[in-house]
Amino acid sequence: MSVSPDNKNPRDWKALLTRHEMLLLYVLIAEWLFFYFAGTTTNRRGVVVGFGTLDRQFDILRHSCEIGLLALALTPVIITAGIDLSIGSLLGLCAILFGKLWHDGGLPIPVAAGLTLALGALAGGLNAILITALRLPPLIVTLGTYSLFRGLAEAITHGAITYTDFPASFLFVGQERWLGLPTQAWIFLGVALGVGLLVHRTTFGRAFRTIGFSLEGARYAGLPVARRLALVYVLAGLIAAIAAVIYTARLGQAKADAGTGYELFAITAVVLGGTSIFGGSGTVHGTLLGVAAIAVLKNGLACLPVVMRMNAAEEMSGLLTGALLLLALTASVLPKILSRFRTPHHAPAP
Amino acid sequence: MKKILLHLCTAGAVLLASLVTATAADSKLVVAMLPKSKGNAYFISCKVGADKAAKELGIQLLFDGPTDSNAAKQNEIVENWITLGVDVIAVAAENKEGISTALRKAQKAGIKVLTFDADAMTDARSFFVNQATPEGIGQGLMDEAARLTNSEGEFAMIVASLTASNQREWQKHIEARLKEKYPKMKLVAVRPCDDLKDKAQSEATALLSANPNLKLIMAICSPGVPGAAEAVKQAGLTGKVKVIGLGLPNENKRYVHAGVTDSIILWNTGDLGYLAIYAGVALAKDELKQGAKTFKAGSLGTFSIAGDNILLGKPFIFNKANIDQFDF
Amino acid sequence: MKRFFRELSVLGALAAVLVGMAIFAPAFFSPQPLLSLLTREAPTLIVACGMACVIITRQIDISVGSMFSVCSVCAGLLAARGWPLLLVLPASVALGALLGAVNGLLVAGLRLPSIVVTLATMVTLRQGLNLVRQGEFVNLPDRVQWFGLSQMAGQLVLVGASVVFLVALALAMRHVAAGRFVYAVGTDAEAARLAGIRPQLVTFLVFIFIGALTGLAAMMNLAQSPQVQPLSGAGLELKVIAAVVVGGVAISGGRGNLWGAFTGLLLLACVSPALIHLHIEAYWEKAIQGAIILLAVVADGLRTRKLNR
Amino acid sequence: MSPAPLLALRQLVKNYGGVRALRGVDFDLQAGEVHALLGENGAGKSTLIKVITGAHQPNGGTLTLAGQRVANLTPSSARALGIACIYQQPALFPDLTVAENLALRLEATSASSRIDWPARRARAEQWLARLGAEISPEAEVRSLSMPEQQLVEIACALGAGARIVIMDEPTASLTQKEQRLLFAVVRDLRKNGVGVIYISHRLEEIFALADRVTVLRDGQSVGTHAVGDIDEAGLIRLMVGREVAQIYPAAESAPGRAVALSLQAVGCRASGVHNVSFEVRSGEIFGLGGLVGAGRTELARILFGLTPADSGEITLHGQRLTLRSPQAAVAHGIAYVPEDRRRHGVVLELPIAHNLTMAIHRRFFPTTWLRFAAERALALDFIRDLAVKCAGPDAPGGSLSGGNQQKVSLARWLATKPKLLILDEPTQGVDVGAKSEIHKIIRRLAKEGLAVILISSDLPEVIGMSDRIGVMGGGTLRAILPGGSAPHDVMAAALGTTERGAA
């Protein structure tokens, strides 16, 4: 989706071409081409296998849906200069609640799912209240809920119970294809479109940016700061719940450890996508590119004969993701550093 | 200017790619092995045996898994292998149901699937290389514990994590055995150590001070055993509080010799890996079919098959007497 | 008195917990096990000191866990190679400082947000270590444990050393100019610059400092058992940050002190043993810890709210 | 004139990348003189200070201190050489105590040096006493009022034993009493042979205090005069390079009869405002005079719902209002142009267009769907109407000069078509040209029937602009005077009977 960020001048094509998102796109293309050529082989039975196959591309999509959703949830949060460390744990909690509602509660899947989404939003609301009503730093609040949500998930299941044996009709969401694409991909794209429009095309997104740049400024402009901030965190909770349902469908099981460590990947993707951790600037399509870049890297590496011989796909992908993030960060500040020598876009206002 | 950059990137990519692929053109049989968690010394020792087998059979072995035991990661890796078109997948399932969906997919794609160490749903694989049934482990550990404590008194357990499914399985069987055979024994606490030795040590220390008449600590994850042993040693309770568990000889030798740890129960993990690979290759070559009663695995000789379980043999009890003969 | 209200309230909470334990589980206070428990926390305390400084400068370092693992393994390997401890210790500290310097360079030099930088280094270091070590234990020669002292002596040395260090650092933060510079930078970097302090330099040094301390802590952990596990540092960062924040160090920088961080750490460290002594099921632990953190944060919120009125 | 001036600048040049902030400044400061520095915003005053205090390095020219040519000055070395600066916004450490703030600025601290807290406290007390300020050295700076912080700043400078003291708009937020104290201090400094560089937009201050005045325009010094040899008109001519015919446009119409806003015994415990009652008619400019801390901004914050009133009645056009939040205030047609425009007035990073529509999201984007074209059009209109000097509607607010930022901040609220417009120090720190333009705009709005409340610490402004002047003090309304009354009366009212005549 090509939603142009509404804080840039669309006519300035040169700036557009050198913008972070574009650079990331180049990286992504290069990455993809590399793996396409290096990661595709024909096996003993003469079948073309590896990265180049359509199945693999679909798998990449399926595997990145949950983290992708969390990244989408985080984008508005980070644009308001906030952060939410709890979404990974919340995914776990929601997965458990979903399983419990369906299995123990005996509710039909759609109802259970609906309730789970509501509960997810509710949990997000807890973050929202602490952050807006008490003006607490999001980092710490969500660090607390990070432990709390995971803790509740374990407390509910005693760590032990695993909900499983979901009906095929439900597993379809996570494992089959619909209209040519993995089913959950449609949900993912839907959410992406929704968040994208919200952030780039509505006054809500405008308010998010304003708050991110200057919270006081927003308040003095009569913007409903508290309500907008709350919205962002509730939305994050809601999307985390959606991710939880998809996760359950993909694995066919709900377990208290679902989504452990996902928040880090999500943050990485968002920052990689060019959203400033200081708030204000950032785009949803940037985030999507960030998610894609990481997903392609992870899956591509697993296809490289060299890496296979080293039996190190997992470690390599982690290593390179970290390195990629550092690279992106450095790249993002380079212009600023250079502009200390060349012409700046902002002379210090008198 | 950026466009040029773009072209350079692609050109570079293609070039690099051609180099890498050039080295990849070998058409060996490919067997992919998926441990629960890569970092875990237990599976590393499995890999040693697997490598040996791979060399003997002249096949390519892929050994990859989550760096922390994580069911979702396991599925993703299996699905990767499917699109890689490997010939055999051998899995130690972190989670029965979770992994099975992916394994069935693999079978549909014409890939031979077997499990080792921890089984998946029976319809999702053709054979299970069974080192020892959960019952076997549970009963073995419980009986050993009873032997050391004269079947009475309090004991505590240290597990990897509250959510790891094989741990739950074993714990279940241990508690079952406890109920039916040792009424005078009492399980006072079950503590997770997140597969961290240091945490196991802290937990065990607390357990010891909290339960003065604790007779024995049973650790059913390999980092847990040395952790618990160290705690007992530091508490100066060597001999008074026994330590047993599932662990690797090398990590525990010093404690066994020091008399802190009485015995660790384990099968020969090297052989487990070795057997799994041999079985896998046999499957791929259609030398191993359903209903077979025995199976010959290279230098290890013949193993019996019960149903679709290839039995490695009884779990082994390491103690002062024999532990030095093993290096894994 | 009023200025230390926050610290005192945490101390109160800790006292309450201890009293509770004294009533319901006096065994908790039997000296030897208690000493052991304290010894287990000694390395964490050292890292917490560093984290407090970092947070006071309005930065954060979530890569300490990975740095801890890397230092442990490297120090372990050196010791196993037969290096004398007198060389291994400085080596570990130096390595830590080096890793810290990388963070510092990126944060202070390129002015990148510390949370993201350290997130990146955390992932990179952890996976790098996995790649190299594949999770294999490092077996240490016996002379390493307790630095070759008797166990009791070793434990006393470790606990004593960490507490002495804490006191020294706490005093330094208040009574040595450098300490005040850290506060100055944390409360307003620009004002600090106008006052002739170099904020970027201070930030850089603080990151080196926490790195070095992590190296030290890794060493103190090494001395407590005959084996090192590469995973050893996993989760350390959250534990430490939580302790510091519960102890009343403001994430917005410039406020709080090490005494608070210390009490905060003790409070959180009590949870797990307390649960064991009170025979409460383990699966409540995470939830309770989360609740404590939230409680502390909410308390802060209500307090600052009153101040702003 | 003494042979070697304390400070001599010759052809000083400073570029920020392409922007030439200083293009050749000559400036002399003698020992024992107060040398006023004057110029529109963006003329280069702030930059000049940054160079003198070593915060920035000049790209060209020479800087000579007491005959000594100085190169690459740093903040610390500048301090060591006896240069101290009192900044517009105090550069203090909010989380640290007053004593420590002083210490950090005064002590030549090496990182390893030990800290002597009692001595710090003692020194702080001594310097604060010398300023006649009742501030505890133990107080955290964040708990101090703006003027109090200013005094701490000055104490820092004095404490530094400075030979050259730079004061950048020091009186901008000081009360009359504190101002007089400050003037006394400045004269005292002069007597002791200290050179004072005094920057202010208030000409009367300059004439009251300075010996010489140098005018900057577009980064160049356009003339230095003894204050005796030049009058206001002359100075203004030098500053803007043109005549500003009349500083305060006369009212072109009498305010209407209809009462727009009426307050009945309004108060708010939290912000110390109590029992305020007055009426503002449509088309009327109601000036709020008084000293800083008198409760004027606090009253404005009540009317804008930032700190809700807990007593009294507010009615707007006969409708009784309860204003619990800014949103509520905006919904009822109340607009507030805040004092601190950089922090509250405009969002510096966002384009002008976004800043303009910020307060009218509801009305301008009824579907919450953004209409970029319409927004740009609206922005262009306002840019034209208010003659905002900018690169276009997409230029970020931060790229504008103070005066133009103020116009944008004003335009945002005009866009809401308010019934009541509250202006808080609309011309503070704004250059003379923009100042008179803003005054014209205010008049026009009043003419169009808008009820305006004008808060200003600049006495002539309040008196010149207002139809009626409400004078506040101690958090309540002390008196209501007709427009154009004598400054003396206003000040007397503001100070309350006790100090009558002293002003």
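Residue numbers (the numbering used here), protein chains in the order written: chain Y, 176 to 525; chain R, 113 to 440; chain X, 91 to 399; chain V, 36 to 538. All C-beta atoms, glycine included, are put in the ideal place defined by N, C-alpha and C.
Run through chain Y and tell me which residues come within less than 7 Å of residue i, C-beta to C-beta.
i	result
Lys150 of chain R	Glu489
Pro373 of chain V	Tyr395
Pro55 of chain X	The first residue shown for chain X is 91 and the last is 399, placing residue 55 of chain X beyond what the model contains.
Leu291 of chain X	Per Cβ cutoff of 7 Å: no residues; Leu291 of chain X is ~17 Å from chain Y at best.
Is the shortest distance between the beta-carbon of residue i and the beta-carbons of chain R less than 9 Å?
i	result
Leu321 of chain X	yes
Ala117 of chain X	yes
Ser362 of chain X	yes
Quick one: which chain V residues come within Cβ less than 9 Å of residue i?
i	result
Val266 of chain X	Ala146, Ser147, Ser148, Arg149 and Ile150
Arg384 of chain Y	Val382, Glu384, Leu385 and His389
What whole-angstrom Cβ distance do residue i and residue j have, given they're in contact under 8 Å?
i	j	result
Leu335 of chain X	Ile383 of chain X	Strictly speaking, residue 335 of chain X in this sequence is Val, with Leu absent from that position. Confirmed, about 7 Å.
Ile539 of chain V	Glu460 of chain V	Residue 539 of chain V is absent from the model: chain V starts at 36 and stops at 538.
Val372 of chain V	Gly432 of chain V	The pair is not a contact, with the Cβ atoms about 14 Å apart (cut-off 8 Å).
Ile369 of chain V	Ile201 of chain V	Rounded, the Cβ-Cβ distance is 40 Å, inconsistent with contact.
Ile171 of chain R	Val203 of chain R	Their Cβ separation, rounded to whole angstroms, is 17 Å, which puts Ile171 of chain R and Val203 of chain R out of contact at 8 Å.
Leu186 of chain V	Glu213 of chain V	7 Å
Can you list the residues of chain X that residue i reaches, using a CB-CB cut of under 7 Å?
i	result
Ile442 of chain Y	Leu209
Ser111 of chain V	Gly286
Between residue i and chain Y, is the shortest Cβ-Cβ distance under 9 Å, so that the two count as touching?
i	result
Pro335 of chain R	no
Ala99 of chain R	Residue numbering for chain R in the displayed model covers 113 to 440; residue 99 of chain R lies beyond these limits and cannot be assessed.
Ile366 of chain X	no
Ala280 of chain V	Here Ala280 of chain V scores only 43 on pLDDT, less than 50, and its place in the model should not be relied on; the value that follows carries that caveat. Cβ-Cβ to chain Y under 9 Å: no for Ala280 of chain V.
Val360 of chain V	Val is not the amino acid found at residue 360 of chain V; the sequence shown has Ser there. Chain Y, which has a Cβ nearer than 9 Å to the Cβ of Ser360 of chain V, makes this yes.
Val133 of chain V	no
Gly197 of chain R	yes
Within 9 Å of any Cβ in chain V, is that where the Cβ of residue i sits?
i	result
Asp232 of chain X	no
Leu392 of chain X	no
Pro510 of chain Y	no
Mind pulling the chain X residues with CB within less than 8 Å of residue i?
i	result
Asp307 of chain R	Leu321
List the residues of chain R whose Cβ lies closer than 7 Å to the Cβ of residue i, in chain order.
i	result
Thr339 of chain Y	Glu209
Arg96 of chain X	Residues of chain R passing the Cβ test: none, with the nearest at roughly 28 Å.
At the 9 Å Cβ level, is residue i part of the contact set with chain X, yes or no?
i	result
Arg280 of chain R	no
Please list, in chain order, the chain R residues whose beta carbon lies closer than 8 Å to that of residue i.
i	result
Leu127 of chain X	Ser314, Thr317, Ala318 and Ser321
contact_flag[the region 236-244 of chain Y, the region 289-308 of chain Y] where n(CB pairs < 8 Å) is 3 or more | Not touching, per the Cβ criterion.
Residues from the region 377-388 of chain X in contact with chain Y, defined by Cβ distance under 9 Å | Answer in chain order: Ala377, Ile378, Gln379, Gly380, Ala381, Ile382, Ile383, Leu384, Leu385, Ala386, Val387 and Val388.
Can you find at least 3 beta carbon pairs, one from the region 334-341 of chain X and one from the region 220-229 of chain X, that sit closer than 8 Å?
-> Fewer than three beta-carbon pairs drawn from the region 334-341 of chain X and the region 220-229 of chain X are found closer than 8 Å, and the two stretches are therefore not classed as touching.
Listed from N- to C-terminal order along the chain, which residues in the region 199-228 of chain V have their beta-carbon within a distance smaller than 9 Å of any beta-carbon of chain Y?
-> Going along the region 199-228 of chain V in chain order, one finds no residue with a Cβ nearer than 9 Å to chain Y.
Proximal residues, the region 326-358 of chain X versus chain Y, C-beta separation under 9 Å | Here the close residues are Leu328, Ile331, Ala332, Val335, Ala340, Ile341 and Ser342.
Chain Y contacts made by the region 182-195 of chain X, where a contact means CB separation under 8 Å | Within the region 182-195 of chain X, no residue qualifies.
Any contact of the region 239-256 of chain Y with the region 426-446 of chain Y, i.e. 3+ C-beta pairs under 8 Å?
-> As far as the Cβ criterion goes, the region 239-256 of chain Y touches the region 426-446 of chain Y, which means the pair count is three or higher.
Residues within the region 309-320 of chain X neighbouring chain R, beta-carbon criterion of under 9 Å = Those residues of the region 309-320 of chain X that come within reach of chain R (Cβ to Cβ, closer than 9 Å) are Asn311, Gln314, Ser315, Pro316, Gln317, Val318, Gln319 and Pro320.
Of all the residues that make up the region 312-324 of chain Y, which are near chain X by a beta-carbon distance shorter than 8 Å?
-> Result list: Pro312, Leu314, Ile315, Val316, Leu318, Gly319, Thr320, Tyr321, Ser322, Leu323 and Phe324.
Is there contact here, the region 292-300 of chain R with the region 390-410 of chain R, by at least three beta-carbon pairs under 8 Å?
-> No, they do not touch.
Are there three or more Cβ pairs, one per stretch, closer than 8 Å when the region 160-177 of chain X is compared with the region 350-370 of chain X?
-> Touching, no.
Report the residues of the region 332-359 of chain V with a CB closer than 8 Å to any CB of chain X, ordered along the chain.
-> For chain X, none of the residues of the region 332-359 of chain V brings a beta carbon within less than 8 Å of one of its beta carbons.
Please confirm if the region 155-165 of chain V is in contact with the region 94-103 of chain V, defined as three or more CB-CB distances below 8 Å between the two stretches.
-> The answer is no - the region 94-103 of chain V does not touch the region 155-165 of chain V, with fewer than three Cβ pairs under 8 Å.
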